[in-house]
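Everything on this sheet refers to the single structure shown next.
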Amino acid sequence: MGPVKNFELARLFYEMAALLEVKSESVFRVRAYQRAAQTLETLTGDVEAVAARRALTTLPGIGRDLAARIAEYLGTGRIAQLETLRAELPPKFLTLLEIRGLGPRTAKLLYDRLGVDSVERLEELCRSGEILTVPGIRAKTCENILKGIALFKAGRSRTLLSAARQVAAQTVEALCAHGGVERIEVAGSLRRLRETVKDIDLLVTSTDPARVVKTLVTLPAVIEVLAHGDTKAAVRHRDGLQIDLRVVEPEAFGAALQYFTGSKDHNVRLREMARRRGLSISEYGVFDEKTGARVAGATEEDVYAAVGLPWIPPELRESGGEIEAAREGRLPALVTAAAIRGDLHAHTDWSDGHQPLERLIEAAQGRGYEYIIVSDHSKSATMAGGLTIDELRAQIQKIHELQPRFKIRILTGTECDILADGAMDFPDEVLAELDVVLASVHSRFRQTRAEMTGRIVRALENPHVDILAHPTGRLIGSRDPYEVDLEAVFAAARRHGKAVEINASPDRLDLDDVHARRAAELGIPIAVNTDTHYLSNLDNLELGLGVARRAWIGPAQVLNARPLEALLAWTRRAS
DNA sequence: GCCGTTTTCGGCCCGACTGTTTTCAGTCG
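Going by the numbering used here, the first residue of the first sequence is number 156, and it counts up by one from there.
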């Protein structure tokens with residue numbers, strides 16, 4: 156898969172940035188490495204291909220020197236400068252920087268003075284009190300470091316978007332219930348719909364700021380107050396999420412919303428643009444540097460307009476080319492829920508779903524869909540109650556009987572296992588009886604990269620297969636993607652006219668944003684499916700659409716945004 | 001280390017809160 160090298164290099168550049176920061180190198184030099192890492196992380200094409208075209212320096216933030224480092228890595232698998240930097244510090248030193256509240260300065264100070272080289276050693280020194288011998292470290296700092304260590308040990312995992320959305324909704328409701336809130340919005344990575352988030356950013360206008368801040372810090376679900384000022388508070392929620400609250404003036408709300416939505420890198424880019432125009436942007440507004448007059452700030456549209464840009468959807472604000480696209484008037488029109496005409500991945504109690512066929516159909520019709528698939532598991536998926544051929548045929552018969560009672564079109568289908576050798580779990584003549592065939596991997600996850608890639612490519616060669624479901628098999632936070640060359644998989648999908656799925660299950664979100672963007676750029680139709688097992692899962696569509704929007708995908712690229720007839724014409728295509 | 005609709009040199013985003021400080025550095029977002 157092409158982006159593997161992109162990500163490897165991004166990680167190495169982040170590491171170099173951290174090492175340089177510890178060495179007290181120029182913050183601008185550090186930032187240059189961070190920006191290059193960011194560029195590599197969001198690059199949808201293959202960095203090796205860019206290097207082959209000798210076009211590395213055309214990438215934003217990558218100049219002569221960093222291009223040379225990239226070329227060095229692609230050529231030799233090493234970066235000499237990085238190895239020199241690593242040699243100057245103990246191997247586990249950088250993990251110290253993952254402790255909240257402990258930055259590069261203090262970590263280096265503790266290393267120089269006391270030889271702190273690991274989290275374990277740091278904890279010993281805090282507990283023994285020896286750390287207090289270091290100038291500038293007193294009891295409070297020691298206490299904060301111990302808290303940070305506890306947090307670090309408790310697990311550094313980020314929270315799933317779906318869970319964070321619930322906490323955010325509850326918190327908003329609680330704040331509104333206790334008065335003082337005029338307007339409240341969720342900002343941050345939650346608003347950008349990142350797949351996981353680390354904290355919840357809330358933005359409020361208020362007639363009584365102190366009251367709102369007070370409400371937050373005293374909420375029963377809050378287990379720790381991290382900061383508590385006049386217009387700002389930060390607390391830890393009992394489920395581990397940090398919640399940051401800011402109270403702002405109405406005339407600055409747009410500027411504050413823009414600022415707190417981020418991403419940080421997007422904002423830096425925007426502020427640089429502003430500087431070049433003699434403007435300065437902060438969370439309080441856009442200001443003329445000469446006169447100090449506020450020129451924008453009430454709405455986000457104003458803020459972007461002040462630097463000559465159209466409003467940019469939050470999902471795109473990842474410094475992945477959106478500012479250039481905005482400047483050139485080629486921002487995509489992103490897919491919305493209104494464009495979705497049906498769901499192409501759903502289960503019933505015929506396999507491992509929890510609702511009868513009829514309930515699924517009613518619920519889908521109730522959502523205003525034109526069509527709903529019934530795609531239960533195939534026979535080899537025994538754990539998931541996969542259907543035998545006879546059962547599948549009985550289900551098809553049942554669907555034909557039910558159809559006249561419903562306006563919505565019920566599509567017959569299967570989520571058919573791709574067997575270890577790439578054969579499909581149902582024979583071709585059975586697959587041919589279905590409207591839509593999903594193919595997916597549910598077993599033998601540990602095959603080699605070559606085996607897994609060949610397995611999936613073979614499945615895509617089957618003329619009856621329509622959609623590759625959850626293409627990488629990852630479960631966020633619990634199971635890594637299986638080893639697979641996605642670039643080869645996408646090439647096969649394109650060659651054989653198949654679609655790939657964005658699976659909207661909260662812990663799947665598979666494809667992810669970067670790979671979905673790549674697939675869509677290749678012209679592969681994208682199915683945004685919920686993989687519903689419980690009826691409430693139909694609401695997960697929003698999460699899948701979040702991924703699609705972050706992948707710059709418009710309605711024309713979404714398979715299940717097509718009208719029924721167009722969809723059926725596509726599934727009946729000659730392969 | 002990067003970059004240019006003020007510049008190929010001299011800049012590089014902005015502010016709140018905390019803890020340890022008599023004026024500010026570090027950290028975070």
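A virtual CB, placed ideally from N, CA and C, is assigned to each residue, including glycine.
Predicted, not measured: the structure shown is a model, and the values here were computed from it.
How big is the Cα-Cα spacing for residue i and residue j?
i      : j      : result
Phe442 : Ser418 : 21 Å
Ile378 : Gln413 : 29 Å
Ile679 : Ala711 : 11 Å
Val380 : Ala309 : 18 Å
Lys160 : Ala305 : 34 Å
Glu456 : Trp466 : 5 Å
Arg485 : Glu676 : 15 Å
Arg224 : Ala492 : 43 Å
Ser730 : Thr416 : Its pLDDT being 48, under 50, Ser730 is placed unreliably by the model, and the measurement read from it follows with that caveat. Whole-angstrom Cα-Cα distance: 44 Å.
Ala575 : Phe600 : 9 Å
Pro375 : Val289 : 38 Å
Lys387 : Leu357 : 10 Å
Tyr689 : Ser535 : 22 Å
Leu330 : Arg449 : 30 Å
Arg190 : Pro582 : 51 Å
Ala527 : Phe248 : Here residue 527 turns out to be Ile, not Ala, going by the sequence shown. Between Ile527 and Phe248, the C-alpha separation is close to 53 Å.
Glu438 : Pro468 : 18 Å
Asp665 : Gly258 : 34 Å
Leu489 : Cys297 : 48 Å
Asp590 : Ala411 : 49 Å
What residue does the beta strand (DSSP E) around residue i start on, and which one ends it?
i      : result
Ser437 : Leu434 to Ser437
Ile544 : Here Ile544 belongs to no beta strand (DSSP E); instead the alpha helix (DSSP H) covers Ile544 to Leu557.
Phe442 : Gly440 to Asp443
Arg391 : Lys387 to His392
Ala451 : Arg449 to Ala451
Ser361 : Asp354 to Ser361
Ala682 : Ile681 to Asn684
Ala382 : Val377 to His383
Ala365 : Per DSSP, Ala365 belongs to no beta strand (DSSP E); it is in the alpha helix (DSSP H), Pro364 to Thr373.
Val592 : Val591 to Ser595
Please state whether DSSP places residue i in a helix, a strand or coil.
i      : result
Gln397 : strand
Met156 : Confidence in Met156 is poor, its pLDDT being 45 and thus under 50, which makes the residue's placement too unreliable to answer from.
Ile573 : strand
Gly508 : coil
Arg672 : helix
Val423 : helix
Asn658 : strand
Ile528 : strand
Asp498 : strand
Leu214 : coil
Ser730 : Low local confidence applies: a pLDDT of 48 at Ser730 is under 50, so the model's placement there is unreliable, and no value is given.
Glu340 : strand
Ala578 : coil
Arg430 : helix
Leu664 : coil
Ser136 : Nothing about residue 136 can be read from this structure; the chain reaches only from 156 to 730.
Under 7 Å: does the beta carbon of residue i sit that close to some heavy atom of the ligand FAD?
i      : result
Arg424 : This structure lacks the ligand FAD, and indeed carries no ligand of any kind.
If I'm right that residue i touches residue j with Cβ under 8 Å, what's the distance once you round it to whole angstroms?
i      : j      : result
Leu623 : His651 : Incorrect: roughly 10 Å between the Cβ atoms, too far for contact.
Ala674 : Val702 : Actually they do not touch by this definition, with Cβ atoms about 11 Å apart.
Ile292 : Val274 : Contact doesn't hold; Cβ gap of about 16 Å is too wide.
Thr314 : Gly395 : 7 Å
Asp507 : Gly540 : 5 Å
Just to confirm the assignment, what range does the alpha helix (DSSP H) spanning residue i have?
i      : result
Thr726 : Leu719 to Thr726
His651 : Leu641 to His651
Arg282 : Val274 to Ser283
Asn299 : Ala294 to Lys308
Arg219 : Arg219 to Thr231
Leu316 : Leu316 to Ala332
Leu265 : Pro259 to Leu269
Ala488 : No alpha helix (DSSP H) holds Ala488; DSSP gives it neither H nor E.
Ala206 : Val202 to Ala207
Val702 : Leu696 to Arg705
Leu237 : Ala235 to Ala242
Met607 : Arg604 to Glu616
Review point. For the 8 Å Cβ check, are there 3 or more pairs between the stretch 620–638 and the stretch 582–600?
Key: Yes, since at least three Cβ pairs between the stretch 620–638 and the stretch 582–600 fall closer than 8 Å, the two stretches touch.
Check your understanding: Does the stretch 314–332 come close enough to the stretch 341–360 to have 3 or more Cβ pairs within less than 8 Å?
Key -> Note that the stretch 314–332 touches the stretch 341–360; at least 3 beta-carbon pairs, one per stretch, sit closer than 8 Å.
Exercise for review: Indicate whether the contact test is met: 3 or more Cβ pairs, each with one atom in the stretch 295–304 and one in the stretch 276–285, closer than 8 Å.
Suggested key: Yes, since at least three Cβ pairs between the stretch 295–304 and the stretch 276–285 fall closer than 8 Å, the two stretches touch.
Exercise for review: Inspect the CB distances between the stretch 214–222 and the stretch 171–185 and report whether three or more fall short of 8 Å.
Suggested key: Flag = no, the stretch 214–222 and the stretch 171–185 do not touch.
Check your understanding: Can you find at least 3 beta carbon pairs, one from the stretch 653–665 and one from the stretch 678–695, that sit closer than 8 Å?
Key -> A contact exists between the stretch 653–665 and the stretch 678–695.
Check your understanding: How do the stretch 489–509 and the stretch 707–727 stand: do at least 3 beta-carbon pairs fall below 8 Å, yes or no?
Key -> Verdict: yes, contact present.
Review point. Per the contact definition of three or more C-beta pairs closer than 8 Å, is the stretch 466–475 in contact with the stretch 494–513?
Key: Per the Cβ contact rule, the stretch 494–513 is not in contact with the stretch 466–475 (fewer than 3 Cβ pairs under 8 Å).
Point to revise | Contact between the stretch 390–404 and the stretch 361–374 (3+ Cβ pairs under 8 Å) | key: Between the stretch 390–404 and the stretch 361–374 there are three or more C-beta pairs closer than 8 Å, enough to call the two in contact.
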